[in-house]
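Engineer: Before I ask anything, let me first share the structure, which is written out below as structure tokens.
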Amino acid sequence: MQKHSNSAFVNQMLVGVLVVIGTCGSVGLGMVGIRHQISILANENKAIEARTAAVERRCTETSAAIAAEQDPSILMQRNDVWHLALGPARAEQVQRVDEDPVMRMASKHNRGLFDTGATPVTFRIAAQP
Amino acid sequence: MSKGFASTPRIALLAVLILLVFGGIGARLVWLHVLDRDELLRYVEKARRQILVQTARRGDILDTHGAILATSRSLIVLGVDPQSLVPADEKKWPQLAGLLGMPLAQLREILTTKTRASQHAAQPASPAGAAAAAETGPDAGSAKLNFWGTAAADLKAAARSDDDTVLDDADAQGNRPIRWAKLSDTVGESAYADITRLNVRGVYGERVYRRDYPHNDMAAHVVGYVNRDEKPVTGIERFAEFYLRGQDGWVESEKDGRREELAQFRTRDVPPSDGYSVVLSIDAEVQHIAEAELAEIAAKYQPAKATIIVSDPRTGFILGLANYPSFDLNQYNKLPADEQGAMRNTAVADMYEPGSVFKIVAVSGALQEGLVTPSTTFDCNLDKIDYRGLTRSLPRDDDHFDHRLSVAEIIEHSSNRGAAQMGMMLGDRKFYDYARAFGFGQPTGFPVGGEVGGVLTPPEKWDGLTITRMPTGYSVDVTVLQMNQAMETIASGGVLLRPQIVREIRDQTGETVYRFGRSDVRRVVSEQTARTMAHLLTGVVSADGTAPGAAIPGYEVAGKTGTVRKIIDHQYSDNHHVASFIGFFPASRPQVVISVVVDDADAHTPGGIAWGRVVAAPSFKHIGEQLIPYLDITPPMERPVGTGLAMEENHP
Chain A
0 MQKHSNSAFV
10 NQMLVGVLVV
20 IGTCGSVGLG
30 MVGIRHQISI
40 LANENKAIEA
50 RTAAVERRCT
60 ETSAAIAAEQ
70 DPSILMQRND
80 VWHLALGPAR
90 AEQVQRVDED
100 PVMRMASKHN
110 RGLFDTGATP
120 VTFRIAAQP
Chain B
0 MSKGFASTPR
10 IALLAVLILL
20 VFGGIGARLV
30 WLHVLDRDEL
40 LRYVEKARRQ
50 ILVQTARRGD
60 ILDTHGAILA
70 TSRSLIVLGV
80 DPQSLVPADE
90 KKWPQLAGLL
100 GMPLAQLREI
110 LTTKTRASQH
120 AAQPASPAGA
130 AAAAETGPDA
140 GSAKLNFWGT
150 AAADLKAAAR
160 SDDDTVLDDA
170 DAQGNRPIRW
180 AKLSDTVGES
190 AYADITRLNV
200 RGVYGERVYR
210 RDYPHNDMAA
220 HVVGYVNRDE
230 KPVTGIERFA
240 EFYLRGQDGW
250 VESEKDGRRE
260 ELAQFRTRDV
270 PPSDGYSVVL
280 SIDAEVQHIA
290 EAELAEIAAK
300 YQPAKATIIV
310 SDPRTGFILG
320 LANYPSFDLN
330 QYNKLPADEQ
340 GAMRNTAVAD
350 MYEPGSVFKI
360 VAVSGALQEG
370 LVTPSTTFDC
380 NLDKIDYRGL
390 TRSLPRDDDH
400 FDHRLSVAEI
410 IEHSSNRGAA
420 QMGMMLGDRK
430 FYDYARAFGF
440 GQPTGFPVGG
450 EVGGVLTPPE
460 KWDGLTITRM
470 PTGYSVDVTV
480 LQMNQAMETI
490 ASGGVLLRPQ
500 IVREIRDQTG
510 ETVYRFGRSD
520 VRRVVSEQTA
530 RTMAHLLTGV
540 VSADGTAPGA
550 AIPGYEVAGK
560 TGTVRKIIDH
570 QYSDNHHVAS
580 FIGFFPASRP
590 QVVISVVVDD
600 ADAHTPGGIA
610 WGRVVAAPSF
620 KHIGEQLIPY
630 LDITPPMERP
640 VGTGLAMEEN
650 HP
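Right under this line is the structure:
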């Protein structure tokens, strides 16, 4: 390569220009690509936020509907309509237990296991002639 | 690189090409910046930066167990741009009408009315709002929804008006095209999803939060309500506005030509901070019991008004507060003008003369000062008595007694003359001081309902008869809550407790931010005096007392009846009474205080006089019996005996 001729200088310049164009183009394309990815990501985030908000709205709506259905007057109305005959416990129906309920249940169970009062069983025996 | 490639013609050609390229770029720049400038500027203007408001959700109001008493639901304000409708969608109109619950003819009229005469044209809520509606519709195609709420305030305003017209586009006759006509402002999420699927071009909606009260009229006077402008009007909604309101967020961003947000250009994103939830001390079940009892009282006696309060004497928290008449929180705006009084929280906003229930002040004071003991006797047949050098007439008693009554009997029989004599033993100033100490003549500090302080005139302004009347509950005006608070003082062991309704503040995640606890105002009487008073008050529900109908089998009930004549046309009436029974149980270990006050039930009461023992005492008993299993109120004297089984542990 002749370094001091005009043609050689032009050659070098062209190579340089091409390299610069190629580099800038690559950087530019890269930036465009990154911006595009940022855009996609941002919109995905926005969509996720929208979905989350939608779910929360549905939860709120459902909670409100459940609360409305749990209104005592509604429950009583359902009780009447469906003939459930449910009612609040009355004082006389409540047996108060002042002991450990686990021990109480255990003692009740054991009382059944070791109860000596066996039920009488009778068998008919026919005598052989 | 060869020398031949860089020959002069080739260099010239390359230079020309480069010049052409740069020339082309320059020409394009001139085209964009000069020739096409206006059009591009319009585009840029559309795509300019914007600030989007993100509305915060108002917090919930919960009962003590977390049941929702007030919540904010997302609803869709659905509208239509009649200019954007296409004939192909007309076959979908019946389905749309069905989803909206609207007659097809009415829907058709809205959809086909494309212009409005200018003189009748509704002013747009704001030009921006109208423009937003106009632009969003056609571009959206169908049921377009902007989650972030473009100019939420504008759309809220638009939602309030039934239609918006574009003022600039009036035709020669002055008719203006309608760009927004409201179809419904109560479309739920699921219905909106169906409408979206229907895909009717020009129909679009905007989400707004609306207050919803799932229990309708439950605790209406306590919960209060928020009006359509999202402004709290009464009740906890107003008192706790600071906690409930929340903080709107905002997004600084850019939008494209279709007004869609370009999320990648967000520069600021301040998320909304939803409001805190307020947990009340109100128990929905207790409240329901109180309201059901009021409904029974209303059906049976048709009173002018009535109030029931249930509170916990250990903490001062209100478990239930119900007034008759009441109203539906979801329908507050549909209440007829002549029934607006139903919104009044009569438990704290109305005063009445308490009658015999007020005798607890004179007796407690006399006991506390050591002037009397439960066995001290008084002549309750006296008509007149000397007091400070003057002869004073004593109030009338309904019964004649053949012996001197002890303090216990005075309470039991509710003797006016006995109470008056104890008031006089205390003296004007001391009696007044005790009445003040019990909380009368001053607001209790209850946060909702527009509380009044009652009327307790200082001794300097008393006439000669006041000292004989006030100990019996006349010449003094109180609220039901004050009277409940005074009885609660006896039940709590002599300490005046501040009546409280808010138990907790919770953040969005359900974590407790602040918890309210018992708040003692002052000690009024000693614990011993309070215990003695509680014991004396159990006599009221005994067979010889004034209210045996309030007795609950197996439980020590302490309470006091009150039957006071109302002032009609400036004089006490014999046909109009306020009947009350205020008490608590179990007397030796109080767990609940119940106040029942019924105003003017005489007309439908057998005998024509609404006695406290007839009208109020049975309700006390009925409520108490329901509360026993629910609140697990145990009779203090009962302790089950062990069965002696081998597996049992010996408990002390």
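Line order of the protein sequences matches chains A and B. Residues 0 to 128, numbered by numbering that gives the first Met the number 0, are exactly what the first sequence covers, in order. Residues 0 to 651, numbered by numbering that gives the first Met the number 0, are exactly what the second sequence covers, in order. Ideal Cβ placement from N, Cα and C applies to all residues, glycine included.
1) Using alpha carbons as the reference points, say which of A:Ser-106, A:Leu-83, A:Thr-59 lies closest to B:Ser-189.
2) Mind checking the region 54–70 of chain A against chain B and listing, in chain order, the residues whose C-beta falls within less than 9 Å of any C-beta there?
3) Please identify, using Cβ separations under 9 Å, the residues of the region 39–52 of chain B that lie next to chain A, in order along the chain.
4) Sorted by chain position, which residues of the same chain lie with C-beta nearer than 8 Å to B:Pro-271's C-beta, five sequence neighbours on each side aside?
5) What did DSSP end up calling B:Gln-53 once you bin it into helix, strand or coil?
6) At 9 Å on the CB atoms, spell out the chain B contacts of A:Ala-41, in chain order.
7) Go ahead and pull the three-state DSSP assignment for B:Pro-457.
8) Taking the runs of the beta strand (DSSP E) that are 3 residues or longer, which of them lie wholly in the region 387–416 of chain B?
9) For B:Tyr-513, does the three-state DSSP call read helix, strand or coil?
10) Just verifying my parser: in three-state terms, what is the DSSP assignment at B:Ser-579?
11) Return the residue from the list B:Gly-516, B:Val-539, B:Leu-464, B:Thr-545 that minimises the CA-CA distance to B:Asp-397.
12) Against chain B, with Cβ distances strictly below 8 Å, would A:Arg-77 count as a contact?
13) Is there a Cβ from chain B that is less than 8 Å from the Cβ of A:Pro-87?
14) Along chain B, in chain order, which residues have C-beta atoms closer than 9 Å to that of A:Ile-132?
15) Here's the rule I'm using: 16 or more other beta-carbon atoms within 10 Å means buried, otherwise exposed. How should B:Ala-602 be labelled?
16) Could you check the C-alpha separation between A:Met-104 and A:Arg-110 for me, to the nearest Å?
17) Using the Cα positions of A:Met-75 and B:Phe-377, report the straight-line distance between them to the nearest angstrom.
18) Between B:Gly-582, B:Asp-311, B:Glu-487, which has its C-alpha nearest B:Glu-526's C-alpha?
19) Would you kindly report the start and end of the unbroken alpha helix (DSSP H) that includes B:Pro-8?
20) In this structure, how does DSSP classify B:Pro-335 when only helix, strand and coil are distinguished?
21) Going along the chain, which residues of its own chain have a beta-carbon closer than 7 Å to the beta-carbon of B:Gln-625, five neighbours each way excluded?
22) State yes or no: is the C-beta of A:Ala-66 within less than 8 Å of the C-beta of B:Ala-66?
23) Taking all protein chains shown into account, decide if B:Val-250 is buried (16 or more other Cβ within 10 angstroms of its Cβ) or exposed.
24) Compute the Euclidean distance between the alpha carbons of B:Ser-276 and B:Asp-184, then round it to the nearest angstrom.
25) Distance check for B:Gly-493 and B:Ser-363, CA to CA, integer angstroms please.
26) Just checking: is the beta-carbon of A:Ala-84 within a distance shorter than 8 Å of some beta-carbon in chain B?
27) What's the gap between the Cα of B:Ile-652 and the Cα of B:Val-556?
28) Rounding to the nearest angstrom, what Cα-Cα distance links B:Leu-464 and B:Ile-551 in this structure?
29) Is the CB-CB distance between B:Gly-452 and B:Pro-442 below 8 Å?
30) Just to check my reading of the structure: B:Val-447 and B:Val-221 have Cβ atoms closer than 8 Å, yes? What is that Cβ distance to the nearest angstrom?
31) Is there contact here, the region 463–477 of chain B with the region 338–345 of chain B, by at least three beta-carbon pairs under 8 Å?
32) Are at least three pairs of beta-carbons, each pair with one atom in the region 226–241 of chain B and one in the region 30–45 of chain B, less than 8 Å apart?
33) In or out: B:Tyr-42 buried (at least 16 other Cβ within 10 Å) or exposed?
34) Tell me, please, which residues DSSP counts as bridged to B:Asn-322.
35) Assuming B:Ile-652 contacts B:Ile-500 under a Cβ cut-off of 8 Å, what Cβ separation, rounded to an integer in Å, is found between them?
36) Going by C-alpha distance, which of B:Pro-302, B:Tyr-212, B:Tyr-331, B:Ile-627 is nearest B:Asn-322?
Structural biologist: So, from the listed chains and residues:
1) Taking the first residue of the second sequence as 1, we reach residue 189 of chain B at position 190. Of A:Ser-106, A:Leu-83, A:Thr-59, the residue nearest in Cα terms is A:Thr-59.
2) Glu-55, Arg-56, Arg-57, Thr-59, Glu-60, Ser-62, Ala-63, Ala-64, Ile-65, Ala-66, Ala-67, Glu-68, Gln-69, Asp-70
3) none
4) By 1-based counting over the second sequence, the position of residue 271 of chain B is 272. Gln-53, Thr-54, Ala-55, Arg-56, Gly-245, Gln-246, Asp-247, Gly-248.
5) Sequence index remark: in the second sequence, residue 53 of chain B carries index 54 (1-based). In the structure shown, B:Gln-53 adopts extended strand secondary structure according to DSSP, grouped into three states.
6) Locating residue 41 of chain A in the first sequence gives position 42, where the first residue counts as 1. What A:Ala-41 touches in chain B: Leu-261, Ala-262, Gln-263, Phe-264, Arg-265.
7) Here residue 457 of chain B refers to the residue found at position 458 of the second sequence. Coil.
8) 389–392
9) Reading the second sequence from its first residue, position 514 is the one you call residue 513 of chain B. Correct three-state label for B:Tyr-513: strand.
10) Counting from 1 along the second sequence, the entry for residue 579 of chain B is found at position 580. B:Ser-579 falls in the strand class under three-state DSSP.
11) Locating residue 397 of chain B in the second sequence gives position 398, where the first residue counts as 1. Nearest of B:Gly-516, B:Val-539, B:Leu-464, B:Thr-545 to B:Asp-397, Cα basis: B:Thr-545.
12) For the purposes of this step, residue 77 of chain A is taken as residue 78 along the first sequence, with counting starting at 1. No, its Cβ sits nowhere closer than 8 Å to a Cβ of chain B.
13) Along the first sequence, one-based indexing puts residue 87 of chain A at 88. Judged by the 8 Å Cβ criterion, A:Pro-87 is in contact with chain B.
14) Outside the modelled stretch of chain A, which goes from 0 to 128, sits residue 132 of chain A, for which no answer is possible.
15) Taking the first residue of the second sequence as position 1, residue 602 of chain B is located at position 603. Per the 10 Å Cβ criterion, exposed.
16) As a position in the first sequence, residue 104 of chain A is number 105, starting the count at 1. As a position in the first sequence, residue 110 of chain A is number 111, starting the count at 1. Each residue's alpha carbon lies about 10 Å from the other.
17) Residue numbering aside, residue 75 of chain A sits at position 76 when the first sequence is read from its first letter. Residue numbering aside, residue 377 of chain B sits at position 378 when the second sequence is read from its first letter. Roughly 52 Å between the two C-alpha positions.
18) The residue given as residue 526 of chain B occupies position 527 in the second sequence. Nearest of B:Gly-582, B:Asp-311, B:Glu-487 to B:Glu-526, Cα basis: B:Glu-487.
19) For the purposes of this step, residue 8 of chain B is taken as the residue at position 9 of the second sequence. 7–29 is the span of the alpha helix (DSSP H), which, as asked, contains B:Pro-8.
20) The residue given as residue 335 of chain B occupies position 336 in the second sequence. Of the three classes helix, strand and coil, the one that applies to B:Pro-335 here is coil, per DSSP.
21) Position 626 of the second sequence, counting from 1, holds the residue named residue 625 of chain B. The answer, listed in chain order, is Ile-288.
22) Counting from one through the first sequence, the residue named residue 66 of chain A turns up at place 67. Counting from one through the second sequence, the residue named residue 66 of chain B turns up at place 67. Cβ atoms of A:Ala-66 and B:Ala-66: closer than 8 Å.
23) Numbered from 1 along the second sequence, position 251 holds the residue referred to as residue 250 of chain B. It is buried - the Cβ of B:Val-250 has at least 16 other Cβ atoms within 10 Å.
24) For the purposes of this step, residue 276 of chain B is identified with residue 277 of the second sequence, where counting begins at 1. For the purposes of this step, residue 184 of chain B is identified with residue 185 of the second sequence, where counting begins at 1. For B:Ser-276 and B:Asp-184, the distance between alpha carbons rounds to 25 Å.
25) In the second sequence, the residue the question calls residue 363 of chain B occupies position 364. In the second sequence, the residue the question calls residue 493 of chain B occupies position 494. Their Cα atoms are separated by approximately 10 Å.
26) Position 85 of the first sequence, counted from the first residue, corresponds to residue 84 of chain A. Not one chain B Cβ lies under 8 Å of A:Ala-84.
27) Past the boundaries of the shown model lies residue 652 of chain B; chain B is included only from 0 to 651, so the question cannot be answered.
28) The residue you call residue 464 of chain B lines up with position 465 of the second sequence. The residue you call residue 551 of chain B lines up with position 552 of the second sequence. Distance between the alpha carbons of B:Leu-464 and B:Ile-551: 38 Å.
29) On the second sequence, residue 452 of chain B is found 453 positions in, with the first residue counted as 1. On the second sequence, residue 442 of chain B is found 443 positions in, with the first residue counted as 1. Yes.
30) Position 448 of the second sequence, counted from the start, is the residue given in the question as residue 447 of chain B. Position 222 of the second sequence, counted from the start, is the residue given in the question as residue 221 of chain B. Right, the Cβ-Cβ distance comes to about 6 Å (below 8 Å), so this counts as a contact.
31) no
32) no
33) Counting from one through the second sequence, the residue named residue 42 of chain B turns up at place 43. By the neighbour-count rule (16 or more Cβ atoms within 10 Å), B:Tyr-42 is not buried but exposed.
34) Here residue 322 of chain B refers to the residue found at position 323 when the second sequence is read from its first residue. Bridge partners of B:Asn-322: B:Thr-306.
35) Shown here, chain B extends from 0 to 651; a query on residue 652 of chain B therefore has no answer.
36) Against the second sequence, residue 322 of chain B aligns to sequence position 323. The shortest C-alpha separation from B:Asn-322 is found at B:Pro-302.
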